[in-house]
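What follows is a short report on a single structure.
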Amino acid sequence: MAAQTSQLAKLLGVRSTKPITPLDLSKMVHRGLSVQTVDNVCRLIAPGDASLRYQIISRATLARRAKTAEKRLSPEESNKVARLARLWTFSADVWGSEAQAQRFLAEPHPLLRGRIPRELAAESEIGARAVEDLLGRLKYGSAV
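If you're matching positions, the sequence shown starts at 0 in numbering that gives the first Met the number 0 and goes up one per residue.
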């Protein structure tokens with residue numbers, strides 16, 4: 000759990016000299032992540048798909064956030080980015096490679112009724128939980 004939290008914190012651009020706990024991470028997400036985090040996460044999940052960032056946050060809102068002095072996302076937007084980062088971390092762990100994790104997250108999956116995992120996760124927390132449930136079943140050998 001500590002390793003996952005550490006990986007997630009790094010992916011979200013959280014810098015700290017002491018170990019990050021899930022509660023610390025929650026507080027940082029609530030304060031608002033950097034606008035740059037959207038690009039960092041999207042570059043990992045879908046390196047060739049510039050449209051993913053706009054499934055997370057609308058183009059106009061993202062542009063507006065980038066122009067503010069703080070360049071911070073709202074708590075709700077930060078939660079969406081953190082949700083996808085959490086899914087990326089789990090997917091990379093299950094598949095063992097970034098390329099396979101990217102492929103899994105980009106292709107429609109029959110156990111998700113033909114939905115694309117990253118799009119389902121971007122829509123809602125419930126969608127992300129469905130993808131995480133599938134990843135858990137894949138990891139532990141009961142994917143059907």
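We put the beta carbon where it would ideally sit given N, CA and C, even for glycine. These numbers were taken from a predicted model, which means no experiment stands behind them.
Fewer than three beta-carbon pairs drawn from the region 11-22 and the region 55-75 are found closer than 8 Å, and the two stretches are therefore not classed as touching.
The C-beta of E76 has 16 or more other C-beta atoms within 10 Å across all chains shown, which makes the residue buried. Annotation: R112 is outside any alpha helix (DSSP H) and is labelled neither H nor E by DSSP. Leaving aside the five residues that flank S33 on each side, the residues in its chain whose CB is nearer than 7 Å to its CB run, in chain order, G12, K70, R71. Distance between L137 and A49, taken at the CA atoms: about 28 Å. DSSP lists S33 as the bridge partner or partners of R71. Between the beta-carbon of A105 and that of A45 there is about 6 Å, and that keeps the pair under the 8 Å contact cut. The residue among T4, L24, A65, Q6 with its C-alpha nearest the C-alpha of N78 is L24. Taking each of L86, G113, A98 in turn and checking the Cα distance to V40, the smallest one comes out for L86. For G135, the uninterrupted alpha helix (DSSP H) segment begins and ends at 124-139. Residues R114, I115, P116, L133 of the same chain have their beta carbon placed closer than 8 Å to that of H108, with the five preceding and five following residues left out of the count. Excluding the 5 residues flanking it on each side, A100 has same chain C-beta neighbours closer than 6 Å at S90, A91, W94, in chain order. In this structure, the CA atom of L83 is about 14 Å from the CA atom of T4. Cα atoms of A129 and A121: separation of roughly 12 Å, rounded to the nearest angstrom. Setting aside the 5 residues that flank it on each side, Y53 is surrounded in the same chain by L61, each with a C-beta closer than 8 Å to its C-beta; the list follows chain order.
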